[in-house]
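> Sharing a structure, written as structure tokens. Questions coming.
Below is the structure:
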């Protein structure tokens, strides 16, 4: 059984060698790929000298790296591990065995609360809770970057994200598809002095929030569009009911307010119909994804 490690790398010259050496130590049979994402330091050469297969990714962002990695690496089992040396490579054999023994498509390493940067713990809990609300799965760390995948997962994953929101997309795809997934706790180490996280709390937080809104619109379109329909209807009745009362009393109503109220009610109806159409389209997309997944042996 072929096992491959995928390491996204952007300016990790202080840590990338140690990550590669740790993977070799704890999983010697593993084929190691480093995907260099326009590093301006010596990461590329260090990774190559350490014995990894190094590929360059032209488009910036972790999502772009994962997209290219999943498209060109052929393996039975895939390990996605960050190049910052925070992930404990000694957990790899346990993660791989857990995936195989339980016939899973994805295993996510759950970080302990103390290992989050300030503000990230709250954001992760909020986004994880929102995903649970949408899909009903009991997941605990939707933004973990340390995961193990089956071949079927990797070759059917659409990968539409560009940046760090890719981690949320990986979990959400598994929940959308009702795939067998698991979680395992593992130690996370601190970055060495001089090494800095590339995650921007606000920029990437807003990207992830945007992804969640997009997923609500596409995966639960009836909820999304009917909430908007309710708001339009509420505004329409707010302006419309006084007009009806005024018409009954004096037989005349303002034209502009009448047009506004009518338009809002019409928009409400359009949103209801849009939700029904999007729901039907979503079912077709889900069936096609499932068909593709089942076609991979």
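Numbering (the working numbering), first residue to last: 53 to 349. C-beta atoms are modelled at their ideal positions from N, C-alpha and C, and glycine is treated no differently. Everything numeric in this text was worked out from a predicted model, so none of it was measured.
Leaving out five residues before and five after residue 166 in sequence, what residues of the same chain have Cβ atoms less than 6 Å from its Cβ?
Note that residue 166 has pLDDT 48, beneath the 50 cutoff, so the model's placement of it is unreliable and the number below is only indicative. None.
> Quick one: what's got a C-beta closer than 7 Å to residue 125's C-beta in the same chain, skipping five residues either side?
Taken in chain order, the residues that qualify are 56, 58 and 85.
> Classify residue 168 as helix, strand or coil using the three-state DSSP reduction.
The pLDDT assigned to residue 168 is 49, lower than 50, so where the model puts this residue is not dependable, and the model offers no usable value.
> What is the rounded straight-line gap between the Cα of residue 109 and the Cα of residue 117?
Residue 109 and residue 117: Cα-Cα distance of roughly 6 Å.
> Inspect the beta-carbon positions of residue 313 and residue 295 and report whether they are closer than 9 Å.
Cβ atoms of residue 313 and residue 295: closer than 9 Å.
> Touching or not, the stretch 130-138 and the stretch 192-204, by the rule of three or more beta carbon pairs under 8 Å?
The stretch 130-138 is in contact with the stretch 192-204.
> Nearest-angstrom Cα distance between residue 318 and residue 283?
C-alpha separation (whole angstroms): 12 Å.
> Take residue 272 and list the residues in its own chain whose beta-carbon comes closer than 8 Å to its own, dropping the five residues that flank it on each side.
Correct list, in chain order: 186.
> Please classify residue 336 as buried or exposed, where buried requires at least 16 other C-beta atoms within 10 Å of its C-beta.
Residue 336 comes out exposed.
> Residues in its own chain within less than 6 Å of residue 53 by CB, not counting five upstream and five downstream?
Excluding positions up to five away in sequence, the list reads 128.
> Got a sec? Which residues, its chain only, sit under 7 Å from residue 269 by beta carbon, not counting five neighbours each side?
276.
> Can you tell me the Cα-Cα spacing of residue 348 and residue 143, whole angstroms?
Looking at the two C-alpha atoms, the distance is approximately 28 Å.
> Kindly list the residues whose CB is nearer than 6 Å to the CB of residue 98, restricted to its own chain and excluding five residues on each side of it in sequence; keep chain order.
Cβ neighbours of residue 98 beyond the five flanking positions: 65, 68 and 69.
> How big is the Cα-Cα spacing for residue 156 and residue 205?
Approximately 10 Å, taken between the alpha carbons.
> Go through its chain and collect everything with a Cβ distance to residue 280's Cβ below 6 Å, but skip five positions before and after it.
Within the same chain, residue 280 has close Cβ partners 323.
> CA-CA distance, residue 311 and residue 257?
Looking at the two C-alpha atoms, the distance is approximately 40 Å.
> What is the DSSP secondary structure of residue 100, reduced to helix, strand or coil?
Helix.
> For residue 53, which three-state DSSP category applies?
Three-state DSSP puts residue 53 in coil, outside helix and strand.
> Have a look at residue 265 and residue 101 and give me their C-alpha separation to the nearest angstrom.
Looking at the two C-alpha atoms, the distance is approximately 43 Å.
> If distances are taken between C-alpha atoms only, which option among 138, 229, 61 and 182 comes closest to residue 105?
Taking only the C-alpha atoms, the option nearest residue 105 is 61.
> Residues in its own chain within less than 6 Å of residue 168 by CB, not counting five upstream and five downstream?
Model confidence at residue 168 stands at a pLDDT of 49, short of 50, so the residue's coordinates are unreliable and nothing is read from them.
> Using DSSP with H/G/I as helix, E/B as strand and the rest coil, what is residue 306?
Here residue 306 sits in coil by DSSP.
> Spatial neighbours of residue 325 within its chain, please: C-beta separation below 7 Å, excluding the five flanking residues on both sides.
So no residue of the chain qualifies.
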